[in-house]
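Per the working numbering, residue 1261 is the first one in the sequence shown, and the count goes up by one each step.
Ideal Cβ placement from N, Cα and C applies to all residues, glycine included.
First up is the structure itself, then whatever we jot down about it.
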Amino acid sequence: MAASCSSGGGSPDTSRLTDREREWVEFAYAHEKNEDVKRTWEQLPADGVKSYLDQQRPRLCGDTAALMKSLKEAGYEAGEIQDYKRKSAELVC
């Protein structure tokens, strides 16, 4: 399976995701400011990426004020936060 080659290859393994989930993960990964978080994404197997997304869904789709606050604390600018919120609502909620 070619998907197994993506582990550690510079992007998350999205082989177990729907097209919309894949688009969100690729967006989130591309906009991630923390290099340690990016490396963690890269090292997760496909099931781990799916599980992480499933765990994050309530945070992404529920308490948007808390999501926006955590993004601001992570160094995101207002426009980036709005893009993140919009993409989350559009693709995973």
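DSSP places Ser-1311 within a helical segment (H, G or I) once states are collapsed to three. Under the DSSP assignment, Val-1352 falls outside any alpha helix (DSSP H); it carries neither an H nor an E label. Taking 9 Å as the cut-off, the Cβ atoms of Leu-1320 and Leu-1277 do not count as close. The C-alpha of Lys-1310 is placed about 18 Å away from the C-alpha of Gly-1322. C-alpha of Trp-1284 to C-alpha of Trp-1301: approximately 13 Å in a straight line. Comparing alpha carbon positions, the residue from Ala-1338, Lys-1345, Glu-1340, Asp-1279 closest to Gln-1316 is Lys-1345. Secondary structure at Pro-1305: coil, using DSSP grouped into helix, strand and coil.
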